[in-house]
Amino acid sequence: MLIAPFKNEPFDLFDTDSAKADMQRVLKKVRSEFGQTYPLLINGERVQTEAKLVSTNPSNPAEIVGYTAKATTQHADAALEAAWAAFESWKRWSQEDRSRLMLKAAAVMRRRKRELEAWLVYEIGKNYVEASAEVAEMIDFTEYYARQAIKLVGGLGSLIDYAGEENESFYIPLGVGVTISPWNFPMALMAGMTVGAIVVGNTVVCKPAEDTVVSLAKIFDIFAEAGLPPGVVNYLPGTGREIGSYLVAHPKTRFVNFTGSLATGAQINESAAKLAEGQKWFKRVFLELGGKDAILVDETANLDDAATGVIQAAFGYSGQKCSACSRLIVVDSVYDALLDKVVEKAKELVVSEAKDNPGFGPVCNELQYKKVLSYIDIGHTEGKLLTGGKAVENAAGYLIEPTIFGDVSPRARIAQEEVFGPFVAAIRVKDFEEGLAVVNDTVYGLTGALFSNDRSRLERARRDFHVGNLYFNRKCTGALVGVQPFGGFNLTGTDTKTGGPDYLLQFLQMKAVAERL
Ligand code: NAD
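Note that the numbering used here gives residue 234 to position 204 of the sequence shown, counting from 1, and the numbers run on in steps of one.
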């Protein structure tokens, strides 16, 4: 099968009046569709339930974006059964045919791009550029994995010849997996985790985060529109505690592909390791968890570039990226100068309802809002407030000012625990060496950046700055599919490297066949 080489989907910067007007037109249209109820999808059938999940607009929580059916454990059993039945035929499809179907799904996503962006603006409070970047990333995952899967046919290397035998090895899929996604990149992460598994012949049951059930209902419509056979993907909105944990512990689950918090990931890891009655395999578990990502700035750095990188990485999408800069570690001799610049830029950021395309919008839900505000309380006891420090006054939604605490100790709670909001702990260090030690003094290991013009330090950091995704002289967010394979070390997870050339191997097992000649 000859297909054009992969290239990253461009995203819109909305720097023209016409692009902004187009988005506002679509936002209006999408708003007129608020309040609908979306079903579960099991074996290609749309299933409604009496109980519902409600999804609200974090910019204005009184506004209901939509409802979905709410799965029970019986639905989970039915979905797993449907996925195993579908696996029997899906695994026999040729790789070209499965990949072609994914390309079709990507084409539908591209056609419905603006509408999908608008749902993200309303349902999780992204500004226009962040929403556009997420939809582009989802398309990238789908296009990239479709191509990578074709490269795996026939294996990656050659075997040694052995006299008197014909030897062959090939990959086969694992079976039925469960994909569980967080709310912060609902479309890109769920689509990425799902397409990665199914494109090589597995089938899946998908449990979205409760706050994003409408956005994801759109994506599962797209999979159906692209022509995926019934049961290959099953969409099961429900609570994590009930449905998520049930699916993870289920003996019919072959693998779990999870992105979310460390606390949930640790529970999943433990639960999946237990052999349930009747279980015939060890479950594979892929975990992409939290971060406490650091930007280190030394005295040789361009401070204007560093300040820009910090602002983008710390406050883009209200700091609710696993890759967001939440620790700013600065060498003493430039600490004050850099912090002055960062604080000045933070004060310029406009925080408002996402539909108005601000610098950044709300945090995702009430729980998150209260959590960030409680870390601000802790911040007052652990550092010096440099800017922000409170909710935006008179706002209907979960809006919090960009907040920076200075002179924080490296072991303080706000320097160790993931806050996941517009919140930065700045740490003063004596020199680069001390800075590097502080960088690595965390249980996480996802992203990080060094701003420096000292070649030997850049090379030292290349080896010893212990994160899965390291950036020099740029922000630590915004990994691109195929360009920067993404995933972290330590308790950030199993370093799955999404969007990378090896990702799909995780959903395959190799069979070796020898025939005596
Ligand atoms: P979360 O762990 O609270 O929830 C994630 C998903 O797990 C949801 O669908 C939830 O319903 C489900 N869940 C909850 N309890 C469960 C259980 N016991 N068993 C099975 N499923 C369960 O995370 P969140 O608040 O939705 O997302 C934010 C977190 O995700 C942050 O920690 C962030 O750093 C992390 N994240 C990591 C990456 C990465 O690539 N490393 C990417 C995005 C987000």
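Don't be surprised by glycine CBs; every beta carbon is placed ideally from N, CA and C. Being a predicted model, the structure only gives us computed values, none of them experimental.
Below 8 Å, enough C-beta pairs join the stretch 107 to 115 and the stretch 229 to 245 to call them touching: three or more.
In the three-state scheme derived from DSSP, where H, G and I count as helix and E and B as strand, L397 is classed as helix.
The alpha-carbon separation between F215 and V361 amounts to approximately 33 Å. Contact annotation: N73 and N387 have beta-carbon atoms that are not nearer than 9 Å.
In this structure, DSSP gives E374 a helical state, which the three-state scheme calls helix.
Relative to the ligand NAD, the beta carbon of S291 is positioned inside 8 Å of a heavy atom. Taking C-alpha positions only, G274 is separated from G207 by approximately 12 Å. Boundaries of the alpha helix (DSSP H) around S245: V243 to A256.
If you draw a straight line from the Cα of L547 to the Cα of I190, it is about 16 Å long. The beta carbon of K282 sits no closer than 8 Å to any heavy atom of the ligand NAD. Look at S162 here: in three-state DSSP terms it is helix.
With 16 or more neighbouring CB atoms inside 10 Å of its own CB, L319 falls in the buried class. Remark: the shortest separation between the CB of Q297 and any heavy atom of the ligand NAD falls under 8 Å.
A Cβ-Cβ separation of about 5 Å places V151 in contact with A384 under the 8 Å criterion. If you check the CB distance, A109 and L83 do not come in under 9 Å.
Beta-bridge annotation (DSSP): E75 is paired with I72. Annotated three-state conformation of M31 is coil, per DSSP. A137 has its alpha-carbon roughly 25 Å from the corresponding atom of S62.
Contact holds between the stretch 394 to 404 and the stretch 447 to 464, because three or more Cβ pairs, one in each stretch, are under 8 Å apart. Taking C-beta separations shorter than 8 Å and ignoring five residues to either side along the sequence, the partners of V422 in its chain run V381, S382, L429, I430 and E431, following chain order. Per DSSP, the unbroken alpha helix (DSSP H) holding P216 starts and ends at P216 to V229. Annotation for F502 indicates a beta carbon at 8 Å or more from all heavy atoms of the ligand NAD.
H105 counts as buried, since at least 16 other C-beta atoms from the protein chains shown sit within 10 angstroms of its C-beta. Within the model, the alpha-carbon separation for Y174 versus T269 is close to 31 Å. Residues I94 and G96 of the same chain have their beta carbon placed closer than 7 Å to that of G65, with the five preceding and five following residues left out of the count. DSSP lists A544 as the beta-bridge partner residues of N197. The beta carbon of T269 sits closer than 8 Å to at least one heavy atom of the ligand NAD. Remark: the shortest separation between the CB of K237 and any heavy atom of the ligand NAD falls under 8 Å. At least one heavy atom of the ligand NAD falls within 8 Å of the beta-carbon of G274.
In the DSSP assignment, T338 falls within the unbroken alpha helix (DSSP H) covering L333 to F345. If you draw a straight line from the Cα of L416 to the Cα of T522, it comes to about 29 Å. Contact check for T528 against G226 passes: the beta carbons are separated by less than 9 Å.
Residue environment for S89: buried (at least 16 other C-beta atoms within 10 angstroms of its C-beta). Per the coordinates, the alpha-carbon of E374 lies some 22 Å from the alpha-carbon of Y405. In this structure, F316 sits near F285, with a CB-CB distance shorter than 9 Å. Here K248 has L146 and W149 as same chain residues with Cβ atoms under 7 Å from its own Cβ, once five neighbours each way along the sequence are excluded.
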